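Residue numbering for the sequence shown follows the numbering used here, starting at 26 and increasing by one per position.
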Amino acid sequence: MRNNQDRSSGLNVLCIDGGGVLGLSSLIILQEIMHRAAAAKSGGMIHPYEYFDVIAGTGTGGISACMLGRLRMPIKKAILEYATLAKDVFQDTKLTGTAMYKATKLQEALKRMIREATGDEGEIMNERREHTACKTIIFAMAEHDLDASLPVLFRSYTVIENPSPDCTISKALQATMAHPDLFRSITILESSVPQSFVGGELGCSNPIVHVLSEIERIYPDRQVGCVISIGTGHACTIQAPNPSRWRRTQDVVAMKDMATDSERVAEEMVARFEGTENVYFRFNVDQGIQNMIGGSWERLGEAMQHTRAYLQKGEVNQKLEAAVHTTTERRGTMSTTHAAGNIPPIVQATKQPTGLKRCPAPTNFYTGREDEIAQLMACITKPDNRLRVCVIYGLRGTGKTQLALTVIERTWDSWVYIIYIDAGSTEAIEKALDEFGKAKGVGQDHKDVIVWLESCGDRWLMVFDNADSTTAHVKKYIPATGRQGSIIITSRLADLANLADGPGSVCHLSSMTQTDATALLVRIANSGNRCLSDYDINAAERLVEEFECLALAIVYAGAYIAHSQGMTVTEYRYLLFTKRRRALEEYNKLPDIAKLDRRGDTVYTTWKMCYDQLQPESRELLSLIAYLHYDGISVDIFKRAAQQMHSKKYILPLTDLESQAHKQVEQYLARFLDPKNSVTLTGVISDLTSYSLIEFDQTNRMYRTHVLVQDWAKTVSPQSLELGVECTATLLLLSIDQQNDSGSLAFKRHLGLHVTSVLAQSSDLRVNHSYYFKEVYRQTGQWSQMMKLVQQQLMVCQQELGDDDSMTWDTAGDLASIYYRLARWDEALDLKIQVVDAYKRIVGEDHPDTLRSMSSLVTTYRDLVLYNEAEQLEVHVLDAYKRLLGEDHPDTLTSMNALASTYAYVCRHSEAEQLFVQVLDARKRIMGADHPDTLRSMHNFAYTYSQWGRHNEAQQLQAQELDGRKRLLGENHRDTLKSMCNLANTYSNLGQHNKAERLEIHALDAYKRLLGEDHINTLNCMGKLVATYRHLGRYNEAEQLEVHLLDAHKRLLGEDHPSTLTSMSDLASTYSRLGRYNEAEQLQVQVLDARRRLLREDHEHTLISMNNLSMTYSRLGRRADAEELLHKAINIAESALGNQHRHTKKLHSNLERFQKQTRQRPVSYPSPLFSPPVLS
26 MRNNQDRSSG
36 LNVLCIDGGG
46 VLGLSSLIIL
56 QEIMHRAAAA
66 KSGGMIHPYE
76 YFDVIAGTGT
86 GGISACMLGR
96 LRMPIKKAIL
106 EYATLAKDVF
116 QDTKLTGTAM
126 YKATKLQEAL
136 KRMIREATGD
146 EGEIMNERRE
156 HTACKTIIFA
166 MAEHDLDASL
176 PVLFRSYTVI
186 ENPSPDCTIS
196 KALQATMAHP
206 DLFRSITILE
216 SSVPQSFVGG
226 ELGCSNPIVH
236 VLSEIERIYP
246 DRQVGCVISI
256 GTGHACTIQA
266 PNPSRWRRTQ
276 DVVAMKDMAT
286 DSERVAEEMV
296 ARFEGTENVY
306 FRFNVDQGIQ
316 NMIGGSWERL
326 GEAMQHTRAY
336 LQKGEVNQKL
346 EAAVHTTTER
356 RGTMSTTHAA
366 GNIPPIVQAT
376 KQPTGLKRCP
386 APTNFYTGRE
396 DEIAQLMACI
406 TKPDNRLRVC
416 VIYGLRGTGK
426 TQLALTVIER
436 TWDSWVYIIY
446 IDAGSTEAIE
456 KALDEFGKAK
466 GVGQDHKDVI
476 VWLESCGDRW
486 LMVFDNADST
496 TAHVKKYIPA
506 TGRQGSIIIT
516 SRLADLANLA
526 DGPGSVCHLS
536 SMTQTDATAL
546 LVRIANSGNR
556 CLSDYDINAA
566 ERLVEEFECL
576 ALAIVYAGAY
586 IAHSQGMTVT
596 EYRYLLFTKR
606 RRALEEYNKL
616 PDIAKLDRRG
626 DTVYTTWKMC
636 YDQLQPESRE
646 LLSLIAYLHY
656 DGISVDIFKR
666 AAQQMHSKKY
676 ILPLTDLESQ
686 AHKQVEQYLA
696 RFLDPKNSVT
706 LTGVISDLTS
716 YSLIEFDQTN
726 RMYRTHVLVQ
736 DWAKTVSPQS
746 LELGVECTAT
756 LLLLSIDQQN
766 DSGSLAFKRH
776 LGLHVTSVLA
786 QSSDLRVNHS
796 YYFKEVYRQT
806 GQWSQMMKLV
816 QQQLMVCQQE
826 LGDDDSMTWD
836 TAGDLASIYY
846 RLARWDEALD
856 LKIQVVDAYK
866 RIVGEDHPDT
876 LRSMSSLVTT
886 YRDLVLYNEA
896 EQLEVHVLDA
906 YKRLLGEDHP
916 DTLTSMNALA
926 STYAYVCRHS
936 EAEQLFVQVL
946 DARKRIMGAD
956 HPDTLRSMHN
966 FAYTYSQWGR
976 HNEAQQLQAQ
986 ELDGRKRLLG
996 ENHRDTLKSM
1006 CNLANTYSNL
1016 GQHNKAERLE
1026 IHALDAYKRL
1036 LGEDHINTLN
1046 CMGKLVATYR
1056 HLGRYNEAEQ
1066 LEVHLLDAHK
1076 RLLGEDHPST
1086 LTSMSDLAST
1096 YSRLGRYNEA
1106 EQLQVQVLDA
1116 RRRLLREDHE
1126 HTLISMNNLS
1136 MTYSRLGRRA
1146 DAEELLHKAI
1156 NIAESALGNQ
1166 HRHTKKLHSN
1176 LERFQKQTRQ
1186 RPVSYPSPLF
1196 SPPVLS
């Protein structure tokens, strides 16, 4: 059976229309598809539930979908059941009432079918298993809300938002069949409230639109492979008989209406999938069933014959072959978002859960290089089970990238995976590999992907494009092995040819041939719907000679000619000659990095001629783009900047340069906001694309430009380089907000390379920029880069605002928090103490800023297990708040809650519980049950109950908290998700691990979409899911996630960060569970050494490490070492924590058990202590 968890494969979707008795036709078509699929796989019969990821239907199509998906019937069995059902249900008609058939007959037939399939006629529709191989969806309509756009979905799986009615399979099937003309409506109790449903065929007889929307919801990060939609007959083939016997015709009229609606939707789907090939397939019998009226159950044999005749048509046969090939291949061709009809605008890429860049297509005008294409294709596709590395090198402008893209396009069907990488920097390479790993489910960072590629059994191709940086070190990203893989590298660095491996693996590009160059110029120049004369073609030959057949120069010359009304090649040659002298003078002034070879002045001249033709607004846009990263340029940058440019606040007054840049950028953006102005941003961008100065990457919905165009654009801009980079920095600054909604967070993550590009080009950007740029690095998790910005901001604040300004110390507090993120404990603690002392001096001991800084310091004391210091400071802060603000002020209650948490940590349970109750009661009374502060109290109180082992009380509070957050913030808010994870943890503590898993998977998927794969909340949630997998004994799944967690924490936080050490400790525990004790010991020794060095030997986490290592020593048979380490841990714990602390008691218990059973077999090993919390 297919493994449904292969996230890299494309999804196969089957949707079956409703159509009365004629629904048998759809099953016959499906039977043919399954027979051909079995033949293609050269194996036994394949069942639909093994072949499709989702099977959906409505009406009789809903019954078919349920038989095939939920009941897992073979197709032959489903056809027999369908015929039996039709005979039992449609044989007799009612004499009275509006509905034509008896609902009791339908109910009896359905229960019989379900009983025979499952043994229980009361089987529930929802399987309540998270990872069922095939998901089933059945559609109905709410009787009192017949809006065809809002059907009710009965699912075989669980969703959190808008869940399905919880009912039996028979009830769901009765609901989908309850067309008002055929059967009476059905009532289902939902939370003790009766709800009436009618058939899904009523306005939703072809539910494919809703199916694709649902697939986007449940598989947001997956690709669609194939969508098969099967109808039950065209509307034109269903003819109503003479209405003299009206009671026998209303079902036919109903079916005709269904078919009309189905075909309308089918036509919309054809339009939606236009431009794609072999993704969407529609099958529907178009002739032969004109007289197969609804009650003709006895003529089902005729229906089968007509359907088989339809299947023998030539065009249908070709379509069947294509559908079987696509479904068998399972290649992901479009995102579920795209398939759902959400064809995104240019800004959509900023909202995607990952930034995976797909391989772009080559230009439509690519010409020539056939010998080189054949050489490279032969090299990378040679089936000799060894890794091939092809290197294309040459000067800039020779067409290296376009050659590579053409080779990829022509060998596309040879690869299961294509990884396209803009290899301009180490950061860009690792980001691309990270995103591939996340999107395809094969790992979470570049190291995982490289390891996976080394053992991957499928054909893969990796492309390092524009590997022009000597510091990128492409070699270290090439897998050591990879029998099914090939690699293409494009670079202007000749030394990279040393990486080539295989016959014909080096391709040195220089000029095009005269013939190819002329053909390229003619093709581009002719793209403006013109036809060149023989005279012009001769001029083109002379022109490409003057260009020395340089591809880049030819492209821009052709674009200029095509875009200039009435321009001939001869006229262009004259224009080029007249401007070349001046262009050459300007070209000679360029920095070396911006120059080509000796023909560079030719390209420069063509650019200058294009530039002279641009609108003024287009020239300004080009100047702004010049300092961005060359790829991933989103219109959203300009839109957000325009919307927010008048609402920005700055730490320091703007300098003259900053003021000049702000004025210039704001005036420019204002043009696009003025409805009276005919100039639009779209028009300006079109102007640049028409001259090929920027190009639109259709695959990734972003714009990009050539790095040489950027270098040149900086020199032709009328503004200085200093002002130019300042304007681009201002543009980025204006686009960044302080919001935390999913769109804003995704946008800021997308800006990472652009911010890095701007910062690399100017060392003089001031704190007004870093104040906003640091938020980008905060979202990308680049703490070291963020630290540099904040350090600079603090230094400038000290110099210009002085040590008596609160902004200086706000910045210092921010820097202290970053130090904490980077595990620089001493610096974090020292700086927070300085912040407190400074506020005492500046604004006084009782000022709110001082008290807030004290509360922040308290948190650090507590996290560093300095509980005495934390308690003393908290008592002082609480007394001050009570005296200044009163007992019930929110700040007083917050302080009281913090003190309760400290009491809980030091096991003063009675005092802690008393304060928690006092705070919670006060917040409920003053603020209400759903106020965020009230919910925060519930969270803290529940966490404490959980730590004390009072899990039932914790669960009650956490359930209240989660319900409140859902009402207040919605299902997928980050605080709601955090509450969900906490409740899941308590479920685990109560032994309800399946409940925990469902919540954690939902929360993890939502975190990935909302915050990204590497956000600390996402990683923490993943850690909770790991713990649940361990509880369920699913250690292999746990290990996979833990390896990713450890690598992510190392990369983002450093080797010695507490979260990194916790991840290492957890992975060691999993290795122990898997019997891999030597690997466990290596990690545990590393963790213990680090914690001793960083946290002291008497720290709780150090004691946990000592206990865990002793367990591993026991399992390795090193009993003396184990006992010695336990004794040492107990002595330290008694001295540091006291005899009554839970860790001390647990250590004693472990030692007693060990000593009692040390001579017995099998050995009962010491129990683990509590896992340390992940610090965030």
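By construction, the Cβ of each residue, glycine as well, lies at the ideal position given by its N, Cα and C atoms. Treat the numbers as computed from the prediction; the structure is a model and nothing was measured.
Which listed residue (the options) has its alpha carbon closest to that of residue i
{"i": "E346", "options": "Q744, N303, D246, V236", "result": "N303"}
{"i": "L546", "options": "Q343, C532, N563, L910", "result": "N563"}
{"i": "S831", "options": "K865, H654, M812, I843", "result": "K865"}
{"i": "T959", "options": "Q981, L918, A929, H976", "result": "L918"}
{"i": "A542", "options": "A519, A522, E570, G527", "result": "E570"}
{"i": "T301", "options": "H363, L682, V114", "result": "H363"}
{"i": "I443", "options": "G449, T451, E434, V741", "result": "E434"}
Span separating the alpha-carbon of residue i from that of residue j
{"i": "L706", "j": "P387", "result": "26 Å"}
{"i": "E1177", "j": "K1020", "result": "35 Å"}
{"i": "N231", "j": "G69", "result": "32 Å"}
{"i": "G749", "j": "F77", "result": "55 Å"}
{"i": "E825", "j": "L746", "result": "26 Å"}
{"i": "I1157", "j": "S1130", "result": "13 Å"}
{"i": "S238", "j": "P245", "result": "10 Å"}
{"i": "R1121", "j": "R933", "result": "24 Å"}
{"i": "R242", "j": "A365", "result": "9 Å"}
{"i": "V1211", "j": "M1005", "result": "Here the chain comprises residues numbered 26 to 1201, so residue 1211 is not present and cannot be evaluated."}
Proximity of residue i and residue j at Cβ, strictly below 8 Å
{"i": "V249", "j": "I162", "result": "no"}
{"i": "M138", "j": "E106", "result": "yes"}
{"i": "A165", "j": "T201", "result": "yes"}
{"i": "A90", "j": "I41", "result": "yes"}
{"i": "K673", "j": "L756", "result": "no"}
{"i": "A429", "j": "I417", "result": "yes"}
{"i": "A1147", "j": "L1172", "result": "no"}
{"i": "P176", "j": "G225", "result": "yes"}
{"i": "S530", "j": "V414", "result": "yes"}
{"i": "M487", "j": "G510", "result": "yes"}
Beta-bridge partners of residue i, as assigned by DSSP
{"i": "A81", "result": "C40, I162"}
{"i": "T1095", "result": "None, per the DSSP bridge assignment."}
{"i": "A167", "result": "F222"}
{"i": "S935", "result": "DSSP, once it has assigned bridges, lists no residue as partnering S935."}
{"i": "G419", "result": "L534"}
{"i": "V414", "result": "I512, D526"}
Per-residue DSSP class, three states only, for residue i
{"i": "R1101", "result": "coil"}
{"i": "F1202", "result": "Residue 1202 lies beyond the stretch modelled for the chain, which goes from 26 to 1201, so this question has no answer here."}
{"i": "I253", "result": "strand"}
{"i": "M359", "result": "strand"}
{"i": "W485", "result": "strand"}
{"i": "V902", "result": "helix"}
{"i": "I512", "result": "strand"}
{"i": "R180", "result": "strand"}
{"i": "D622", "result": "Low confidence applies here, because D622 scores a pLDDT of 45, under 50, leaving its location unreliable; read the following figure in that light. Three-state result, D622: coil."}
{"i": "Q248", "result": "strand"}
{"i": "T506", "result": "coil"}
{"i": "Y970", "result": "helix"}
8 Å Cβ cutoff, residue i in contact with chain C
{"i": "D871", "result": "This model lacks chain C altogether; it includes just one protein chain."}
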